[in-house]
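Trainee:
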Amino acid sequence: MQFGVCTGIENAEIARSAGFAFVEPTVRSLHSGKDFSVIQTLHAAAGLPTPTFNVFVPGELKITGPEVDLAKLQIYVAESLRRVKAVGGELVVFGSGGARNIPDGFSRDAAWQQLIDFLGMTADECDKSGVAIAIEPLNRKESNVINSVAEGVKLAKAVDRPSIRVLADLYHMEEDAEPTDTVVANAAWLTHVHVADSGRLSPGTGTYPYAKFFHYLKSTGYSGRIAVECKWQDFEVEAGPAVAFLRKVWDKAG
11 MQFGVCTGIE NAEIARSAGF AFVEPTVRSL HSGKDFSVIQ TLHAAAGLPT PTFNVFVPGE
71 LKITGPEVDL AKLQIYVAES LRRVKAVGGE LVVFGSGGAR NIPDGFSRDA AWQQLIDFLG
131 MTADECDKSG VAIAIEPLNR KESNVINSVA EGVKLAKAVD RPSIRVLADL YHMEEDAEPT
191 DTVVANAAWL THVHVADSGR LSPGTGTYPY AKFFHYLKST GYSGRIAVEC KWQDFEVEAG
251 PAVAFLRKVW DKAG
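Numbers 11 to 264, taken from our numbering, label the letters of the sequence shown in order.
#1: Sorted by chain position, which residues of the same chain lie with C-beta nearer than 8 Å to residue 263's C-beta, five sequence neighbours on each side aside?
#2: In the DSSP assignment, find the alpha helix (DSSP H) that holds residue 223 and state where it starts and stops.
#3: Take the Cβ of residue 49 as the centre, count every other Cβ of all protein chains shown within 10 Å, and call the residue buried at 16 or more, exposed below.
#4: Please classify residue 253 as buried or exposed, where buried requires at least 16 neighbouring CB atoms within 10 angstroms.
#5: Which word fits residue 143, buried or exposed, when buried means at least 16 other C-beta atoms lie within 10 angstroms of its C-beta?
#6: Tell me the rounded alpha-carbon separation between residue 83 and residue 73.
#7: Just verifying my parser: in three-state terms, what is the DSSP assignment at residue 58?
#8: Which residue or residues does DSSP assign as beta-bridge partners of residue 63?
#9: Taking its Cβ as the centre, do 16 or more other Cβ atoms sit within 10 Å of residue 178, making it buried, or is it exposed?
#10: Could you give the C-beta distance for residue 40 and residue 94, rounded to a whole number, given that I count them as a contact under 8 Å?
#11: Within the same chain, show all residues whose beta-carbon is closer than 6 Å to that of residue 111, passing over the 5 residues directly before and after it, in chain order.
#12: Please determine, among 210, 128, 139, the residue with the shortest C-alpha to C-alpha distance to residue 166.
#13: Would you check if there are 3 or more beta carbon pairs closer than 8 Å linking the segment 158-174 to the segment 204-213?
Here it is as structure tokens:
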């Protein structure tokens with residue numbers, strides 16, 4: 011199993027030394043204002059690959075509600091996926107709560123169709139770039155739509171494109187008391203996994219049911235990657251123990 015970490019490319023050497031196999035930066039970091047050739051050079055020299063990216067759509071680019079501009083979204087998505095591909099990316103995580111949250115008073119049915127339309131357009135751009143999308147369910151404190159793995163799968167099925175898959179995030183699942191065995195019921199759609207521990211701190215520091223979660227993942231033959239997305243108190247100090255914990259639990263999971 012490949013374990014990675016959601017962090018900036020500037021932390022790749024610390025991540026590599028700790029034992030992580032990849033880093034997962036933000037799509038926003040590819041739009042930092044620097045000349046893109048400079049960003050490409052940073053990635054090439056990083057020492058770890060960046061097969062996955064998160065923080066896809068900025069909050070000011072609305073995906074649901076009366077302010078949606080699909081043409082503007084398409085320009086952003088096309089350029090983002092082009093840049094992701096150019097630095098070795100294969101998969102983009104679609105969380106983007108600020109962009110997808112349904113405005114108060116707006117029709118949920120209309121918003122759901124807007125999500126389908128957005129992901130359909132994104133799938134067209136995925137076909138051109140070769141990059142895929144993982145829908146990320148977010149807990150109810152962070153988003154008012156797509157709050158469970160099952161709901162993410164429902165949306166992916168509605169879009170019905172090979173490039174649109176689903177992510178399972180142990181933190182969001184635990185926050186909303188979502189059963190860990192949902193990864194079994196929805197295994198065919200899972201392409202990526204995020205993990206943290208109690209309080210969204212680093213793996214191994216809390217009480218999240220890692221043994222059970224990894225057991226269910228293993229039982230499905232899950233072959234994607236697992237990335238830590240958490241709040242680090244001291245990344246350089248905590249990264250190594252976090253990787254060691256994940257490997258130990260994964261190896262012991264039946």
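Every residue gets a Cβ at the ideal spot worked out from N, C-alpha and C, and that includes glycine.
Mentor: Reading from the atomic positions:
#1: 221, 224, 225, 227, 228
#2: 220-229
#3: buried
#4: buried
#5: buried
#6: 8 Å
#7: coil
#8: As DSSP reads the structure, residue 63 sits in a beta bridge with 102.
#9: buried
#10: Between residue 40 and residue 94, the beta carbon gap of about 7 Å places them in contact (Cβ cut-off 8 Å).
#11: The answer, listed in chain order, is 153, 154.
#12: 128
#13: no
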